[in-house]
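Chemist: Letter by letter, the sequence shown follows residues 993 to 1112 of the numbering used here. Next up is a structure, given as structure tokens.
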Amino acid sequence: NMAAYNASKGGIVALVKAAALDLGPYGIRVNAVAPGMIRTRANYITEDPVAGPAYLKGVPLGRFAEPAEMAAVVAFLASDDASYVSGELLVADGGTTIGVRLPLPDDPLPGSVRSGETSP
């Protein structure tokens, strides 16, 4: 049942935005990070010889994140470089959630833009 899981994720986004509205006048920024799969000992899928590669087929960057990469994202949001960023959810998932990546056939389909054919 994904209802509770998905509702909690949406709730976090709403909480970040509401807190940013409430705390902004005090100079307090509120942001969140939505990480993708991170290569750690606790994350079994990154070492699983079957599940790992299967998961990575849906990650446009084709790899798991390293812990230092997520730390850098958090450090950026906490730094003065992000001093005008508030109420945002920074998704750092290697492109996983941007959409479905469908493989293109080696040969373009007749009439497709890739085929170079023009329609009458």
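C-beta atoms are modelled at their ideal positions from N, C-alpha and C, and glycine is treated no differently.
(1) For G1028, count the other beta carbons within 10 Å of its own beta carbon; 16 or more makes it buried, fewer makes it exposed. Which is it?
(2) Going by the beta-carbon positions, is the gap between A1057 and R1031 smaller than 8 Å?
(3) If V1051 and T1088 are in contact, beta carbons under 8 Å, what's the gap, nearest whole angstrom?
(4) What residue does the beta strand (DSSP E) around E1039 start on, and which one ends it?
(5) For V1083 and N1023, which I take to be in contact (beta-carbon distance under 8 Å), what is that distance rounded to the nearest angstrom?
(6) Secondary structure at P1027, three-state DSSP: helix, strand or coil?
(7) Does the beta-carbon distance from F1068 to A1060 come in below 8 Å?
Modeler: Let's see:
(1) buried
(2) yes
(3) 5 Å
(4) Element bounds for E1039: n/a, residue is neither H nor E.
(5) 12 Å between Cβ atoms; not a contact.
(6) strand
(7) no
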